[in-house]
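Mapping of the sequence shown onto numbering that gives the first Met the number 0: position 74 corresponds to residue 73, and the numbering continues sequentially without gaps.
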Amino acid sequence: MSLTDLPAVNACLNGLSAILLTTGYVFIRRGNKIAHRNCMVSAFVTSTIFLICYFTYHIGMRMLYGKAHTEFRDPEWFRPIYLFILFTHLTLAVAIVPMVLVTLNRAIKGRIELHKKIARWTWPLWMYVSVTGVVIYLLLYQIFPQH
């Protein structure tokens, strides 16, 4: 595996996180707390691995090639849409990290009512970040490959 394989790996990790988040949500709605916990912890671990791979890719690309991102240029008509998705993704990705940590901490400490209060906000934002991570990969590397 090379550094250039990491965007695809990251998209897979984001997709897996979204699946685990959805499954965890379904389990808690059905009252299966143990399965919910297992899915959410797995989503946390998957997202943590994603962050490690994400930073490895961007630091490695900067060191090897002097730049750490792929710029979206073509098609020009789609660029504003792409930039909107990217901006919301990045903004919420920064916000979601402390929210996930607080949500997880409250669950671990058994502060379930406080956990539920923040989880109502954390879950949809985390899901949005996971899904848009896959969308960004697809746009940059599959649908409109940038060269």
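Ideal placement from N, C-alpha and C gives every residue a C-beta, glycine not left out.
- A distance below 6 Å between beta-carbons, with the five flanking residues on each side excluded, links VAL133 to the following residues of its chain, in chain order: ALA10, ASN13, GLY14.
- In the three-state DSSP reduction, ASN37 falls in the helix class (H, G or I).
- Burial check for ILE142: the Cβ neighbour count within 10 Å stays below 16, so the residue is exposed.
- If you draw a straight line from the Cα of SER1 to the Cα of ALA67, it comes to about 15 Å.
- Taking all protein chains in view, the Cβ of THR131 is crowded by 16 or more other Cβ atoms within 10 Å, so the residue is classified as buried.
- For VAL93, the closest of MET60, LEU113, VAL128, PRO79 by C-alpha to C-alpha distance is VAL128.
- Residues of the same chain with a CB within less than 6 Å of the CB of MET39, apart from the 5 flanking positions on each side, are GLY23 in chain order.
- Here LEU138 is buried: its Cβ has 16 or more other Cβ atoms, across all protein chains shown, within 10 Å.
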